[in-house]
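Structure, as structure tokens:
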Amino acid sequence: MTKPETVIREDIRSLRAYHVAPADGLLKLDAMESPYAMPEQLTDQWLRALRDTALNRYPDASMAECSSRLAKQLNLSDQYDVLWGNGSDELIQILIQSIASNDAVVMSPTPSFVMYQVVSLWNRVQHVGIDLDENFDIDIPAWRDAIATHQPAIIFLAQPNNPTGNLFSETAVEQIIEMAPGLVVLDEAYLAYSSRDHQSYLDRYKNVVVMRTLSKEGFAGIRLGYLIAHSSWVTEFNKLRMPYNVNSLTQTTAALVLNHLSEISERAELIVEERGRLTKQLSQLGLITYPSEANFIVAKSAYLGADVVEAMKTRGVLIKSLCGSHPLLTHCVRITVSSKDDNDIMLEALEASLDALKQN
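In terms of our numbering, the sequence shown opens at residue 658 and continues consecutively.
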């Protein structure tokens, strides 16, 4: 009998599958999900649209309606096009597949979004990570040397960065773009909670594409990401996109959402306000907190780590331990900013967990 080890690549067999811990009955503040579902005033309209969606037909492969609505919302000129993906992960896969060769290099800061490295490995592309400085910002001398040495085909910059939550300095981002010999992908997954966007960079730099998602604004369940780029880039990337990659129910939902972005944005503003309050509350518990432009906060303390995460789980709350992911994140946790009620429950559980650990 043929066995997996005789067929599956050794480097793939050495990996672990992406694991999502069961969360039934728990307050889930570990995955940067929004606490807000579809706005109530849109629910009836959404359900009618879903009812009228033809499930016996393949979805619109071009996503023409969504593309038209997005272009109108963002005031995109005709020189730009949109590539849609089954979440940003699929877009990352397409981008890396497009440059995959024996000598290709993908580069990103570390720590940053883990899928840049993981998808590179899947595609046998070398990934080079450049450590952030102690303030979680770009170390330009290190980047200058690394770019000169490795000549990366693609550079990924998450703005804001996950898992640190901060925006890299504008000067540093521009210097990297100007030094880059290849494509620079500005990943704006957390744009809704950020004070800066980079759409204008598309006009300024011919080697920049901007990647975004609807996941962080309350629509993680539809798994929809999009990439904005000059049409010549999208033409090439489309050659690697699977046919009918975004299902009809997702397209129906997205078309409605894109018509009501102002209502959706109001909910993001609530999270930003709550982020400020929660940061102060965490500081009052004796934790070091870092500036965030996302819907999560990184907190640090000698008492924080896997133990406190497990202690909070027993109290019904999930947060994310960052210990072991990178030396800069030792004794750090990442906490999703949710509604005031959810955050207060989390704070109570965190205070009790810290008190218990300090007594042991």
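Yeah, the Cβ is synthetic: ideal placement off N, Cα and C, and Gly gets one too.
This structure is a prediction, so every number in the text was calculated from the model and none was measured.
Cβ of residue i within 7 Å of Cβ of residue j?
i, j, result
"TRP800", "ILE833", "yes"
"SER978", "VAL994", "no"
"LEU686", "GLY973", "no"
"THR910", "ILE945", "no"
"LEU939", "ALA956", "yes"
"HIS983", "ALA959", "no"
"LYS896", "MET689", "no"
"ASN864", "VAL841", "yes"
"TYR850", "ASN1000", "no"
"PHE813", "SER777", "no"
"ILE992", "ARG898", "no"
"ILE804", "GLY839", "no"
"VAL782", "ALA757", "yes"
Could you pull the start and end residues of the beta strand (DSSP E) that residue i belongs to?
i, result
"ARG991", "989–993"
"VAL966", "Premise fails: VAL966 lies in the alpha helix (DSSP H), 963–971, not in any beta strand (DSSP E)."
"PHE813", "811–815"
"ILE833", "Looking at the DSSP string, ILE833 is not in any beta strand (DSSP E); the run it does join, the alpha helix (DSSP H), is 827–836."
"GLN808", "First-last for GLN808: undefined, no H or E at that position."
"ALA956", "953–957"
Which residue marks the beginning of the alpha helix (DSSP H) containing residue i, and which one marks its end?
i, result
"MET764", "It is not in any alpha helix (DSSP H) - MET764 instead sits in the beta strand (DSSP E) that spans 762–767."
"TYR858", "858–861"
"ASP701", "697–708"
"ILE669", "667–670"
"GLN736", "It is not in any alpha helix (DSSP H) - GLN736 carries neither H nor E in the DSSP assignment."
"LEU752", "745–756"
"LEU915", "905–915"
Taking only the alpha-carbon atoms, compute the straight-line gap between residue i and residue j and give it to the nearest angstrom.
i, j, result
"GLY744", "GLY882", "4 Å"
"GLU923", "VAL866", "27 Å"
"ALA761", "ALA886", "21 Å"
"LEU985", "LEU727", "38 Å"
"ILE928", "TYR715", "37 Å"
"ARG932", "ILE954", "8 Å"
"HIS676", "ALA815", "22 Å"
"ARG861", "VAL830", "13 Å"
"LEU913", "PHE825", "33 Å"
"MET695", "GLY875", "7 Å"
"PRO948", "THR663", "49 Å"
"ILE753", "MET1003", "38 Å"
"SER852", "PRO900", "36 Å"
"SER996", "ASP802", "44 Å"
"GLY943", "GLY962", "15 Å"
"THR700", "MET720", "22 Å"
"ASN819", "ASN732", "28 Å"
"CYS723", "LEU740", "11 Å"
"LYS970", "PRO817", "28 Å"
"GLU1008", "GLU747", "39 Å"
"ALA925", "GLU845", "15 Å"
"ALA680", "GLN736", "44 Å"
"LEU827", "LEU712", "Checking the sequence, you will find Glu at residue 827 rather than Leu. Roughly 45 Å separates the two Cα atoms."
"ARG666", "ILE749", "21 Å"
"GLN774", "TRP703", "37 Å"
"ARG670", "PRO661", "9 Å"
"PHE894", "ALA968", "45 Å"
"SER1010", "LYS937", "19 Å"
"VAL697", "GLU920", "The sequence shown places Glu at residue 697, not Val. Answer to the nearest angstrom: the Cα atoms are 11 Å apart."
State buried or exposed for residue i, treating a residue as buried only when at least 16 other CB atoms are found within 10 Å of its CB.
i, result
"ASN823", "buried"
"ASP738", "buried"
"SER734", "exposed"
"THR870", "buried"
"LYS729", "exposed"
"THR806", "exposed"
"GLY981", "exposed"
"PRO692", "buried"
"SER857", "exposed"
"THR659", "exposed"
"LEU789", "buried"
"GLU950", "buried"
Let me know the secondary structure DSSP gives residue i once reduced to three states.
i, result
"ARG869", "strand"
"VAL771", "coil"
"LYS660", "coil"
"ALA721", "helix"
"GLY882", "strand"
"ALA1013", "helix"
"GLN938", "helix"
"SER888", "helix"
"GLY875", "coil"
"PHE793", "coil"
"ASP681", "coil"
"SER978", "strand"
"LEU840", "strand"
"GLY933", "helix"
"VAL782", "coil"
"ASP998", "helix"
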